[in-house]
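Quick note on the working numbering: the sequence shown kicks off at 1 and runs consecutively.
Comments concern the structure below.
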Amino acid sequence: MPIKRPKHLLIIGGGVFQVPAIKTAKSMGLKVVVTDYNREAEGMLLADYPIEVSTRNINLTVNIAKQFHRSCPLDGVMTVGTDASQTVAAVADALNLPGIPFEVAERATDKIKMRQVLKGRGVPIPDFRPIWTLEECQKAVQDMPLPLVIKPCDNMGARGVRKIERLDDLIPAFREAKEASISGKLILEEFMEGPELSLDALVFDDTIHITGVADRIIERAPYFVEVGHTLPSALPEKQQARAVEVFKQAISALGIDIGAAKGDIKITPEGPKIIEIAARLSGGWMSAYTYPLATGVNLYKAAIQVALGETPTDLKPKTSLVSAERSLFPLPGKILSIRGVEEARKIKGVKEIILMKEAGDMAEEPRSNMGKVGYVITVAKTREEAIRINDLARETLKIEIGVPNDLTWDIIRNNARRKFYVACKACTVCDGV
Numbered sequence: 001m002p003i004k005r006p007k008h009l010l011i012i013g014g015g016v017f018q019v020p021a022i023k024t025a026k027s028m029g030l031k032v033v034v035t036d037y038n039r040e041a042e043g044m045l046l047a048d049y050p051i052e053v054s055t056r057n058i059n060l061t062v063n064i065a066k067q068f069h070r071s072c073p074l075d076g077v078m079t080v081g082t083d084a085s086q087t088v089a090a091v092a093d094a095l096n097l098p099g100i101p102f103e104v105a106e107r108a109t110d111k112i113k114m115r116q117v118l119k120g121r122g123v124p125i126p127d128f129r130p131i132w133t134l135e136e137c138q139k140a141v142q143d144m145p146l147p148l149v150i151k152p153c154d155n156m157g158a159r160g161v162r163k164i165e166r167l168d169d170l171i172p173a174f175r176e177a178k179e180a181s182i183s184g185k186l187i188l189e190e191f192m193e194g195p196e197l198s199l200d201a202l203v204f205d206d207t208i209h210i211t212g213v214a215d216r217i218i219e220r221a222p223y224f225v226e227v228g229h230t231l232p233s234a235l236p237e238k239q240q241a242r243a244v245e246v247f248k249q250a251i252s253a254l255g256i257d258i259g260a261a262k263g264d265i266k267i268t269p270e271g272p273k274i275i276e277i278a279a280r281l282s283g284g285w286m287s288a289y290t291y292p293l294a295t296g297v298n299l300y301k302a303a304i305q306v307a308l309g310e311t312p313t314d315l316k317p318k319t320s321l322v323s324a325e326r327s328l329f330p331l332p333g334k335i336l337s338i339r340g341v342e343e344a345r346k347i348k349g350v351k352e353i354i355l356m357k358e359a360g361d362m363a364e365e366p367r368s369n370m371g372k373v374g375y376v377i378t379v380a381k382t383r384e385e386a387i388r389i390n391d392l393a394r395e396t397l398k399i400e401i402g403v404p405n406d407l408t409w410d411i412i413r414n415n416a417r418r419k420f421y422v423a424c425k426a427c428t429v430c431d432g433v
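Below is the structure:
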């Protein structure tokens, strides 16, 4: 009797946000191929076949995948938590694997093309202008009322995204967005007031299956830093239902007919509006931890099954709990020590403490979702309890910071204002965060 060949899955990206998917795939008995530019990335060390290549190098990844496929056939390709959907689509097309066409992945990555398609299909989005030069930006501002938001069209994690409150903000905001843009193309759009939702979905068998609706917490103006999320959302059911409807409209309009989709949606006074859509599951630990903890559904297992061309075996929620994720933001400076980690992990309801930095690293004043010191993820029967446990765990963690010479008291006072609405002489423990 011939030995059955294990299936092989290619995961684009080997960073910390891809690790849960890699572990899930291995637990399913799959052989996992991982590509990443960093050979020492955690996911690369877990891979059965680590391949050193940038997730953004589409042509080289396709050529490598073809070569690998000739000797050891690949059965699926996917990514999570990073904007590599174009690379995934190119590999899927080249090897005839399940996946969306490249042009669909492009629309779900390039925010200008995304908005143009959504606008043409009548999906509610903010008013926007594509811009390339500072002169175009200055001209566009004349036609759009402040406040506005400027952002790169082709980056993720809120890199280079900034609110423009007054005209004096325009030039520095433009420069930051330009530096964060891969192509140099930017978007200027209306600032939207209201609560924000993060949504995940799996698409298969001609159906969009919603797999999570969470409340996002965005702070650190003029930047848009996600300091955490809580799942499920506490918004009224009618508002959530309308947001889900708009999310599904956007998925269909972009042409995402198989695989995963994530969306960020603003609940404005005029109704839900799309901030952005991506052809992948969310980062920020929603798909990896908070949704599975709240529902008992292994979302990555289901996403992997879809990537392999299979129908997910179990998407029905088994539990109805609340999970909260919060980021760690100590005062900027050199990290001298991180204490209380094991004590915090022993608190009932604490499920994950993920540290991205260690003693000797620099903690920075956040301007995007990159470079966070860490995350705490909790679960409980009620929203209040999940948040309370998370607060307690973060209070238990002691991150000692050595204040560098160039750290001014302005940063400390601004942190205090955000927390207490006054400018106090905060210390390195009570830093207003």
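Every residue, glycine too, gets a C-beta built ideally from N, C-alpha and C.
Within 10 angstroms of its Cβ, does residue i collect 16 or more other Cβ (buried), or is it exposed?
i: Q240; result: buried
i: D206; result: exposed
i: C436; result: Given that the chain is displayed from residue 1 to residue 433, the structure contains no residue 436 and the question cannot be resolved.
i: A89; result: buried
i: Q434; result: Here the chain comprises residues numbered 1 to 433, so residue 434 is not present and cannot be evaluated.
i: K381; result: exposed
i: S27; result: exposed
i: D36; result: buried
i: I12; result: buried
i: A221; result: exposed
i: G14; result: buried
i: E358; result: exposed
i: T311; result: exposed
i: T133; result: exposed
i: R39; result: exposed
i: N369; result: buried
i: P269; result: exposed
i: Y421; result: Its pLDDT being 49, under 50, Y421 is placed unreliably by the model, and nothing is read from it.
i: D200; result: buried
i: P366; result: buried
i: K273; result: buried
i: G284; result: buried
i: D75; result: buried
i: F174; result: buried
i: P232; result: buried
i: I182; result: exposed
i: E196; result: buried
i: K316; result: exposed
i: R166; result: exposed
i: K346; result: exposed
i: N405; result: In this predicted model, N405 has a pLDDT of only 47, less than 50, meaning its place in the structure is not dependable enough to derive any value.
Assuming the contact rule is C-beta atoms closer than 8 Å, residue i and residue j should be a hit. Round their C-beta distance to whole Å, please.
i: A294; j: T319; result: 7 Å
i: E179; j: G160; result: 7 Å
i: T378; j: S323; result: 7 Å
i: A278; j: K262; result: 5 Å
i: R280; j: V104; result: Actually they do not touch by this definition, with Cβ atoms about 12 Å apart.
i: A260; j: L202; result: 6 Å
i: P6; j: G43; result: Their Cβ separation, rounded to whole angstroms, is 19 Å, which puts P6 and G43 out of contact at 8 Å.
i: A214; j: R383; result: Going by Cβ atoms, the distance from A214 to R383 rounds to 11 Å, so no, they are not a contact pair.
i: V246; j: P124; result: 6 Å
i: T87; j: I58; result: 5 Å
i: K248; j: I208; result: 5 Å
i: V32; j: V62; result: With 8 Å as the limit, V32 and V62 do not qualify as a contact, their Cβ atoms being about 19 Å apart.
i: L9; j: A307; result: 7 Å
i: L336; j: E400; result: 4 Å
Which one or two residues does DSSP pair with residue i in a beta bridge?
i: I377; result: E325 and E352
i: G271; result: T268
i: D36; result: E52
i: E400; result: S337
i: V149; result: K163 and E189
i: F17; result: F17 is not bridged to any residue.
i: M362; result: K334
i: I12; result: T35
i: P130; result: I187
i: I277; result: G263
i: L392; result: Paired residue(s): none; L392 is not in a bridge.
i: L197; result: D215 and I265
Closer than 7 Å to a non-hydrogen atom of the ligand ZN - does that hold for the CB of residue i?
i: I218; result: What this structure holds is no ligand at all, so the ligand ZN is not there to describe.
contact_flag[the segment 319-339, the segment 228-242] where n(CB pairs < 8 Å) is 3 or more
These segments touch.
What are the uninterrupted segments assigned as alpha helix (DSSP H) that are 4 or more residues long and contained completely in the segment 280-333, given in chain order?
Fully enclosed alpha helix (DSSP H) runs of 4 or longer: 291-295 and 299-307.
At a cut of 8 Å, does the segment 387-402 reach the segment 237-255 through at least three beta carbon pairs?
Touching, no.
Contained alpha helix (DSSP H) runs [length at least 4] in the segment 38-104, N- to C-terminal order
42-46, 58-71 and 85-95, all fully within the segment 38-104.
Does the segment 16-24 come into contact with the segment 296-314, if we say contact requires no fewer than three beta-carbon pairs (one atom in each stretch) closer than 8 Å?
When C-beta atoms of the segment 16-24 are compared with those of the segment 296-314, three or more pairs fall below 8 Å, so the two segments count as touching.
Do the segment 141-157 and the segment 100-114 make contact, defined as three or more Cβ pairs closer than 8 Å?
Yes, they touch.
Runs of alpha helix (DSSP H) lying entirely within the segment 199-270, each at least 4 residues, in chain order
The segment 199-270 contains these whole alpha helix (DSSP H) runs: 237-254.
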